[in-house]
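To keep things clear, I will list the structure first and then write my remarks on it.
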Amino acid sequence: MQAATHNKDYAALCLSAEGGTALLAPLAGAQRTGEPLRYSDVYDRIGEARREDDDRLAQGVWQKDLKRADWTAVAQLCGEALEYQSKDLQIAAWLAEAWGRLHGFGGVSAGLSLVAGLCNEYWPDLYPPLEDPEYRIAPFHWLNEKLSVSIQFIPLTQPAESQTAGYTWLDWTGAKRAEQEHQQHKEVPAPEPAPGAIEQALRRTAPERIAATRAGVAQAAATALNLESFLDGHLAAAHPSLRQLRTCLSEIGQWLEDTAAGITVVATATEGKGIREEGIAAMGTGGDESGALGAPAVVPGGGIRNREEAYRLLGEAAAYLMKTEPHSPAPYLVLRAIRWGNMPLHELLPEMIRNQGALDDLQKLLNLET
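Residue numbers (the numbering used here): 4 to 373.
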């Protein structure tokens, strides 16, 4: 079944606070998550829009125009499919990639929060179906292995007059490797651009852009951590890891912090905040199905009513702090507390106690030996 073409601009949807409402809303009909699209032409059309040739590979005598990914088309196809055809995790993952390539790390954050919101709202009925565990976890492996590569192509600096795009994380890591090789083997040419030139380009970047990038990176990392916690609780020992993605985001965030030190920045990033805050707050429940998106943050009549609500409010607090204080460790500590609060004791202890001898003694005392 081919999706009808709609006038909505899904490429820019992550920039609006209303974007999450449309893509997280249930589909009409008896099956609120729609139909499977894995073997439909929708997957094929998205794949063709994503496909691009690697310009770093030599073409030899067979010169041809390089195919470039059409990220606007990817976002349009994914958005239409999610809103009108299927709540599909792989399509949501592709949309996160497209938003990132179009709008930077604010788009990545919005996309990951969309994935989180879908998991919280529709977990039993999402596609790929739970009945096929290998296919169900495949989108999360894709996020970990493929999105972690794609985000390295997102510009981190404003382009100079001689550039068509700013420098990326891939440019930085490549320059550092080339510099090390040049220092060890003088016959190896010095890198161009040099690492110092990339650092200077970041320092020349507008402070508000640096702030937006840092906020997007921080929020994406926090959402990935919370999503991993959700998977811990719902897929038990078979849960996929997002460590590779989180590590890449952490390294980018640390480089931005170190390199931009001393630059006065004001966190003005608002792109996709509606989706991001919904996704982060929703995941704060630890995946309990009663933690619905859009539930009131303030309980009428007074106190917190149950454990799930307490964790949801913690998630909302973390989302707020990441928006207003993106450089503070506080929201990450809150998210870690949420994650720990939803872990069984036998999994929690190894995270809290690093000394193996002490851990073994405590597990033996508590009869938790494996």
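Glycine included, C-beta positions come from ideal geometry on N, C-alpha and C.
In this text the structure is predicted, and so the values were computed from the model without any measurement.
Expressed to the nearest angstrom, what Euclidean distance is found between the alpha-carbon atoms of residue i and residue j?
| i | j | result |
| --- | --- | --- |
| E134 | A96 | 20 Å |
| E211 | D364 | 51 Å |
| W172 | R139 | 30 Å |
| P375 | E231 | The first residue shown for the chain is 4 and the last is 373, placing residue 375 beyond what the model contains. |
| Q161 | Q155 | 15 Å |
| K179 | Y125 | 43 Å |
| E68 | A263 | Before going further, note that residue 68 is Asp rather than Glu in the sequence given. Taking the straight line joining both Cα atoms gives about 38 Å. |
| A200 | Q166 | 13 Å |
| E148 | A209 | 31 Å |
| A84 | Q186 | 51 Å |
| A52 | Q88 | 19 Å |
| G37 | L30 | 6 Å |
| D44 | P158 | 32 Å |
| A168 | E202 | 15 Å |
| L238 | S253 | 25 Å |
| C122 | I94 | 13 Å |
| A99 | R315 | 23 Å |
| L369 | L352 | 11 Å |
| D128 | A33 | 12 Å |
| Q222 | Y323 | 10 Å |
| L371 | C251 | 34 Å |
| D174 | A241 | 35 Å |
| K11 | C17 | 12 Å |
| M312 | L27 | The displayed chain sequence assigns Glu, not Met, to residue 312. Roughly 20 Å between the two C-alpha positions. |
| P192 | I341 | 49 Å |
| K360 | D56 | Reading off the sequence, residue 360 comes out as Gly, not Lys. In a straight line, the C-alpha of G360 is about 52 Å away from that of D56. |
| E184 | S19 | 45 Å |
So, with DSSP's three-state summary, where would you put residue i?
| i | result |
| --- | --- |
| Y125 | helix |
| T171 | strand |
| P158 | strand |
| V268 | Caution is warranted here: a pLDDT of 46 is assigned to V268, below 50, making its placement in the model unreliable, and the coordinate value is therefore given only provisionally. In this structure, V268 counts as coil in the three-state DSSP scheme. |
| P353 | helix |
What's the call for residue i, buried or exposed, on a 16-neighbour Cβ count within 10 Å?
| i | result |
| --- | --- |
| D235 | buried |
| Y42 | exposed |
| T327 | exposed |
| E190 | exposed |
| G137 | A quick correction: the sequence has Glu, not Gly, at residue 137. Exposed. |
| D91 | buried |
| I255 | buried |
| G120 | buried |
| L348 | exposed |
| R308 | exposed |
| V152 | exposed |
| E1 | Here the chain has residues from 4 to 373 only, and residue 1 is not among them. |
| S244 | exposed |
| E164 | exposed |
| G318 | buried |
| E292 | With a pLDDT of 39 at E292, under the threshold of 50, the modelled position of this residue cannot be trusted, and the question is left open. |
| G297 | Low per-residue confidence applies at G297: pLDDT is 36, beneath 50, and the placement is therefore not dependable, though the value from the model is reported in the following sentence. It is exposed - the Cβ of G297 has fewer than 16 other Cβ atoms within 10 Å. |
Excluding the five sequence neighbours on either side, which residues of its own chain have a C-beta within less than 6 Å of the C-beta of residue i, listed in chain order?
| i | result |
| --- | --- |
| P39 | Y130 |
| L259 | R217 |
| A101 | W74, V77 and A78 |
| A25 | E86 |
| A321 | P334, V337 and L338 |
| Y13 | A78, Q79 and G82 |
| G114 | L98, A99 and W102 |
| R246 | none |
| E182 | P194 and P198 |
| R48 | L80 |
| R35 | P29 |
Near residue i, which residues of its chain fall below 7 Å by C-beta distance, leaving aside the five closest residues on each side in sequence?
| i | result |
| --- | --- |
| R54 | K70 and A72 |
| Y46 | L40 |
| H188 | none |
Please work out which residues of its chain come closer than 8 Å, Cβ to Cβ, to residue i, disregarding the five sequence neighbours upstream and downstream, and give them in chain order.
| i | result |
| --- | --- |
| R249 | A224, A227, L228 and E231 |
| G219 | G107, F108, G109, G110, V111, S112, A272 and E274 |
| Y170 | P158, L159, T160, P196, I201, A204 and L205 |
| R104 | A72, W74, G110, S153, F156 and I157 |
| W145 | Q93 and A96 |
| G177 | P194 |
| P132 | P39, Y138 and R139 |
Measuring only between beta-carbons, confirm whether residue i sits less than 9 Å from chain B.
| i | result |
| --- | --- |
| L173 | Of the chains in the structure shown, none is chain B; there is only one protein chain. |
Just to confirm the assignment: which complete alpha helix (DSSP H) runs, minimum length 4, are found wholly within the segment 32-107?
44-53, 74-87 and 92-106
Enumerate, from N- to C-terminal direction, the unbroken alpha helix (DSSP H) stretches of 4 or more residues contained entirely within the segment 164-235.
172-187 and 198-206
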